[in-house]
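First comes the structure, then the notes that go with it.
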Amino acid sequence: MADAELEQIRKARLEQLKAQGGGAGSPGAGQGASQEQQKQQEAEARQSILNQILHPEAADRLGRIRLVKEERAADIENRLIMLARTGQLRQKVTEAQLKELLNAVAETKEEEKIVVSRRKNWDDEDDDLLDL
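Just so it is clear: in the sequence shown, position 57 is 57 by the working numbering, and no numbers are missing.
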């Protein structure tokens, strides 16, 4: 994917959405609506880019990952979009390549460990109540 190609598609989509947007109501409501509209435009732009760089099988897998771990899916999407924008993707990402990317992200991410430290020589005086 070429940067110019992605930028052209993004601009065309934004123009299309601006043309559909039309007028606004009161100023307060207009700001809330414009923020929601902007978020929707960004989500549509992201989805458009992902549709261009992912094979359908890879997109399905990413959708299933999103159902389970939304933050991991968002991280993978951000990485894929960054790779596309920098021109490092020469072809569409297959499911196998997506699996490799997921494994690479899983290996680099440190998992939180829960450490339980137990008290040594701990004497519970409440045990005496159990003897009654």
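Glycine residues also receive a C-beta, built at the ideal position from the N, C-alpha and C atoms.
Reduced DSSP category for residue i - H, G, I as helix; E, B as strand; rest coil
i	result
L101	helix
A24	Its pLDDT being 45, under 50, A24 is placed unreliably by the model, and the measurement read from it follows with that caveat. A24 falls in the coil class under three-state DSSP.
T86	coil
R10	helix
S48	helix
S117	coil
K109	coil
N- and C-terminal bounds of the alpha helix (DSSP H) containing residue i
i	result
V68	P56 to V68
For residue i: DSSP bridge partner residues
i	result
V93	L54
CB contact below 8 Å: residue i versus chain D
i	result
K120	This model lacks chain D altogether, as it is built from one protein chain only.
(message) With three or more C-beta pairs closer than 8 Å as the rule, is the region 87 to 103 touching the region 48 to 59?
(response) yes
(request) Please confirm if the region 42 to 57 is in contact with the region 77 to 91, defined as three or more CB-CB distances below 8 Å between the two stretches. (result) yes
(message) Closer than 8 Å is the cut-off here; do at least three beta carbon pairs connect the region 33 to 42 with the region 61 to 75?
(response) no
(request) Decide yes or no for the touch test of the region 86 to 93 against the region 102 to 121: beta carbon pairs closer than 8 Å, at least 3 of them. (result) no
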